[in-house]
Amino acid sequence: MLQFTRTKIILILLTCLAGFAVAMPNFFSKETVASWPSFVPKKQLPLGLDLQGGAHLLLAMDQDEIKKDWMNNLRDESRKVLRDAKIGFTGIGIQGSQLIVKLAKPEERDAAIKQLDKVRQPIGSAVLGTGGYDVEVAAGTDPGTVIVKPTEAGLRARISNAAAASIETINRRVNNLGTSESTIVRQGTDRILVQFPGLKDTKELKALIGETAKLTFHEVHPSLSAEEAKQTTIPAGYKIYPGDKSEGPSEYLLREQPVVQGDDLADAQPGFDNRTNEAVINFRFNQSGARKFGNFTKDNVGKPFAIVLDNKVLSAPVIREPILGGSGQISGSFDIDSSNRLAVQLRSGSLPAKLTIVEERTVGPSLGADSIADGKRAGIIGGIAVVILTVLAYGTFGIFACVGLVVHLILTLALMTLIGSTLTLPGIAGLVLGVAMAVDANVLIYERIREELRAGKTAISGIDAGFQRAFVTIADSQLTTLACAIIMFWLGSGPIRGFAVTLTIGILTSIFASVTVVRLLISFWLKAQPKGRIQTVPV
Amino acid sequence: MLMKYIPVFKGFDFFPHDLNLPFMRFKGQALIASIVAMAVSIALCMTLGLNYGVDFKGGSLIELQTKSGNADISSLREKLNALGLGNVQIQEFGTPNDVLVRLEEQPGGESAQQPAVQKVIDATSADYVQRRVEVVGPAVSSELRMTGFIAVAAGILAIVAYVWFRFEWQFALGAVVALTHDVLLTAGIFSFFRLEFDLSTVAALLTILGYSVNDTVVVSDRIRENLRKFKKMELNQLLNLSINETLSRTILTGVTAIAVLISLYIFGGEVIRSFNLAMLLGVVIGTYSSIFIAAPLLGYLGVKRDWSDAAAKAVAETKTSRAKA
Chain A
1 MLQFTRTKII LILLTCLAGF AVAMPNFFSK ETVASWPSFV PKKQLPLGLD
51 LQGGAHLLLA MDQDEIKKDW MNNLRDESRK VLRDAKIGFT GIGIQGSQLI
101 VKLAKPEERD AAIKQLDKVR QPIGSAVLGT GGYDVEVAAG TDPGTVIVKP
151 TEAGLRARIS NAAAASIETI NRRVNNLGTS ESTIVRQGTD RILVQFPGLK
201 DTKELKALIG ETAKLTFHEV HPSLSAEEAK QTTIPAGYKI YPGDKSEGPS
251 EYLLREQPVV QGDDLADAQP GFDNRTNEAV INFRFNQSGA RKFGNFTKDN
301 VGKPFAIVLD NKVLSAPVIR EPILGGSGQI SGSFDIDSSN RLAVQLRSGS
351 LPAKLTIVEE RTVGPSLGAD SIADGKRAGI IGGIAVVILT VLAYGTFGIF
401 ACVGLVVHLI LTLALMTLIG STLTLPGIAG LVLGVAMAVD ANVLIYERIR
451 EELRAGKTAI SGIDAGFQRA FVTIADSQLT TLACAIIMFW LGSGPIRGFA
501 VTLTIGILTS IFASVTVVRL LISFWLKAQP KGRIQTVPV
Chain B
540 MLMKYIPVFK GFDFFPHDLN LPFMRFKGQA LIASIVAMAV SIALCMTLGL
590 NYGVDFKGGS LIELQTKSGN ADISSLREKL NALGLGNVQI QEFGTPNDVL
640 VRLEEQPGGE SAQQPAVQKV IDATSADYVQ RRVEVVGPAV SSELRMTGFI
690 AVAAGILAIV AYVWFRFEWQ FALGAVVALT HDVLLTAGIF SFFRLEFDLS
740 TVAALLTILG YSVNDTVVVS DRIRENLRKF KKMELNQLLN LSINETLSRT
790 ILTGVTAIAV LISLYIFGGE VIRSFNLAML LGVVIGTYSS IFIAAPLLGY
840 LGVKRDWSDA AAKAVAETKT SRAKA
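Chain order of the listed sequences is A and B. Once you know that position 296 of the first sequence is 296 in this note's numbering, the rest is easy, because the numbers rise by one and skip nothing. With the second sequence counted from 1, adding 539 to any position gets you this note's numbering.
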């Protein structure tokens, strides 16, 4: 066991050297590393949010809202399909999670089902055989009724698409914050994780992603006010919207189908109204939006229309003349900040549904810096304690064990740098603990060597037997810890994962560093001794 | 070569190796004490409950630092209690100018948590800088509780499966009892002293499992070796011998781990203090359990005595043929 071939020695030394080279940049500042020549590895371990400071927000989409929107869309589409096919119906109503269509003539049911099949959309891939439709259309229990019902798979697909769209939108909005790189990823079906390193104030971030920013332009009912409609009946196709401003009516009766939507905006910029000196938003429609808005204003001169943001009426100005240029101005009770933010939100597009923050972990930069300092200090003091204990207990061989520990630490850092994991506070704890576990390997070996020597073995065969016998135990004990670490990684979230990664890598490197490297050192030492004169083993 | 310059000296072998402490004589008492301790821990967790942190209970945690001077906790308390956010806990955190504010989970579901935190930040922003904010909503906290529990259970199962594979079922049973003991006792101590139990405590528990089974495996390995070596030795005597032979290693590794953990506990900062405390407790409990539970249980359960290579081969063959069938 103490004989190493030349190739083996070279391989071991090369591994150590490569580890040193890869780990090296982590011991210097970013600026120093940047000035190094290009052939030197420069990759540093990125710091986790808890060390660097930053925001971690877990957002959940409002599934009910997506469902409700979809049901409304389905109702509008069904109505259109039946009208186009000239099939009479007395009503289309949403009942729970299904749409019930009451036909005027029950005998037209089959024809109606055939037409309504058009609102279905295929989902999944036909190749994989998972093909199906997002909506089921079937005859109702009562004669002359048809039921349009979203399927489970359809709903899942819809939520999944909404999440993807939300990520796009958040990305665009957040880019306007102008700070360093952010990560926005999907988690599960309906959650989105936003990570923002180095962010000082989360208030602006939260405000930016906290609103759906769905902008719509609606026709105001020409004669009826909201109060009057409430007392009598609300006309078909109209809906009552709350007002946003303190002045003006508190509620408006608007046509539910908007004339133009925020999707048709080409641009939105914050600005000031020259006359009132109020903060406003100047917007411009794209071509199709401009045409729709132009036609509408041409036909409705003298009548009011409503600008609605997230289902609240911002303002309801009267159309004085047709607006054909496709640009306009939105006023509301804005200040500079809120008009800036709204302009960003409008440019970036609306979110499919409201997002709620279900988890937040924000660390200020000063705490992060303190944590690094604490971690370093604790690591150094802990390391010194380990070195003193090991050298006291095992003499010269203890020194070799300490060299092994340094190699272990450096290789662990190198591997972490290579696989691109992040260093977190629990990660530092895992690193330090890994050192303690690596010492265990040496303790096992050295205790065993002592035992063999006590049993009367000669120096070399005692050392040899010590390594051999202890190795089985080391492998067993490290593998069980590995099992634990893998479970932690698999099931854990955030802080637990960081800890598990460092622990796993620490276990892997400790077998090389604390066993192989230490054994090599001992074989060097044996060779350096005068021939046949090893009376005492310094362990 | 360099090796000439390295001083040659023997280490201090602190351990009297011919001590042969009679551990197995006390196995009955030790087992009863452990069972009582486990029962008390379960009772504590059932009655007092665990002091769940924000991760598991939901709610918010805000760490504040004064812009200058020491924090005036009583005036802060007055100010925050006036906000009507239910029970607000305020405590000094590490240094006199750091405070930790905890809000309980606000009624009104997921969307009710953020406004409450904003209220606290607005009320304190004149005198304090916010250092850390953690908000965990009702859905996430119950998920974290669930995954934390599953992680610990899965950890125990994975270890037991490994021990079973490498040794025999008696060893696996000893390990599972010892590990359950470690987890329960740590939880019991956390419950009794009202220490905060959160995600990092779960990570600590998992690490304790790893450490404790490490000890158990070392002892088990020695037991197996001795079973081969001393075919006629009485089992209890053999177990006692194995524990004694590995005792110097057990103590030295334990001391090293404790030294590192104490350094982390004292100097590692306030944020990971509860994690380190759990680890410290766990190392002590885990060492105890591998000596006084895992090994003695083998004395009660009995083990296969024939560990010769021929017998091992026969066992392996029946195992594979069973697996094939």
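Each residue gets a CB set at the ideal place from its N, CA and C atoms; glycine is no exception. Being a predicted model, the structure only gives us computed values, none of them experimental.
- For a Cβ distance threshold of 9 Å, nothing in chain B lies close to residue 256 of chain A: the least Cβ distance comes to about 25 Å.
- For the pair residue 784 of chain B and residue 553 of chain B, the Cα-to-Cα distance works out to about 14 Å.
- In the three-state scheme derived from DSSP, where H, G and I count as helix and E and B as strand, residue 15 of chain A is classed as helix.
- Using a Cβ-Cβ cut-off of 8 Å, residue 440 of chain A counts as an interface residue toward chain B, since at least one Cβ of chain B sits closer than that to its own.
- In the pairwise beta carbon analysis, the stretch 198 to 218 of chain A is classified as touching the stretch 344 to 351 of chain A: at least three pairs are separated by under 8 Å.
- DSSP lists A:305 as the beta-bridge partner residues of residue 219 of chain A.
- In this structure, DSSP gives residue 635 of chain B an extended state, which the three-state scheme calls strand.
- Contact check for residue 294 of chain A and residue 336 of chain A: beta-carbon distance about 31 Å, past the 8 Å limit, so the pair fails to qualify.
- If you ignore the 5 residues before and after residue 224 of chain A, its C-beta comes within less than 6 Å of the C-beta of 253, all in its own chain and listed in chain order.
- Residue 588 of chain B sits exposed, since fewer than 16 C-beta atoms from the chains shown fall within 10 Å of its C-beta.
- The beta carbon of residue 749 of chain B sits closer than 8 Å to some beta carbon of chain A.
- Distances from the CA of residue 718 of chain B to each of B:628, B:813, B:753 and B:706 were compared; the closest alpha carbon is that of B:753.
- Among the residues facing chain B, residue 366 of chain A is included, as its CB has a counterpart in that chain under 8 Å away.
- Distance from the Cα of residue 349 of chain A is smallest, within the candidate group A:309, A:365 and A:379, for A:309.
- With a threshold of 8 Å between beta carbons, residue 689 of chain B makes contact with chain A.
- In terms of beta-carbon proximity, residue 608 of chain B stays away from the interface with chain A, with every pair separated by 8 Å or more.
- In the DSSP annotation of this structure, residue 396 of chain A is not part of any beta strand (DSSP E); the continuous alpha helix (DSSP H) holding it starts and ends at 365 to 419.
- One Cα belongs to residue 283 of chain A, the other to residue 292 of chain A, and the distance between them is close to 15 Å.
- If you check the CB distance, residue 226 of chain A and residue 251 of chain A come in under 8 Å.
- Nearest to residue 562 of chain B by C-alpha distance, out of B:835, B:555 and B:844, is B:835.
- In the DSSP assignment, residue 183 of chain A falls outside any alpha helix (DSSP H) and within the unbroken beta strand (DSSP E) covering 183 to 187.
- Per DSSP, residue 693 of chain B is one residue of the alpha helix (DSSP H) stretching across 677 to 705.
- Rounded to the nearest angstrom, the Cβ distance from residue 746 of chain B to residue 729 of chain B is 15 Å, too far for a contact under 8 Å.
- At a C-beta separation below 8 Å, residue 525 of chain A has these neighbours in chain B: 542 and 545.
- CA-CA distance, residue 845 of chain B to residue 565 of chain B, rounds to 27 Å.
- In terms of Cβ geometry, residue 184 of chain A and residue 163 of chain A do not form a close pair [threshold 8 Å].
- Annotation: the continuous beta strand (DSSP E) that includes residue 600 of chain B extends over 598 to 605.
- Distance check between residue 75 of chain A and each of A:46, A:237 and A:417 places A:237 closest, using alpha-carbon atoms only.
- DSSP places residue 426 of chain A inside the alpha helix (DSSP H), whose first and last residues are 425 to 454.
- With a threshold of 8 Å between beta carbons, residue 461 of chain A makes no contact with chain B.
- In the displayed model, residue 120 of chain A falls within coil according to three-state DSSP, outside both helix and strand.
- For residue 288 of chain A, the closest C-alpha among the options A:463, A:426 and A:266 is that of A:266.
- Rounded to whole angstroms, residue 514 of chain A and residue 401 of chain A show a C-alpha spacing of 7 Å.
- In the DSSP assignment, residue 284 of chain A falls within the unbroken beta strand (DSSP E) covering 279 to 285.
- In the DSSP assignment, residue 618 of chain B falls within the unbroken alpha helix (DSSP H) covering 612 to 620.
- Counting other Cβ atoms within 10 Å of its Cβ, residue 214 of chain A reaches 16 or more and is therefore classed as buried.
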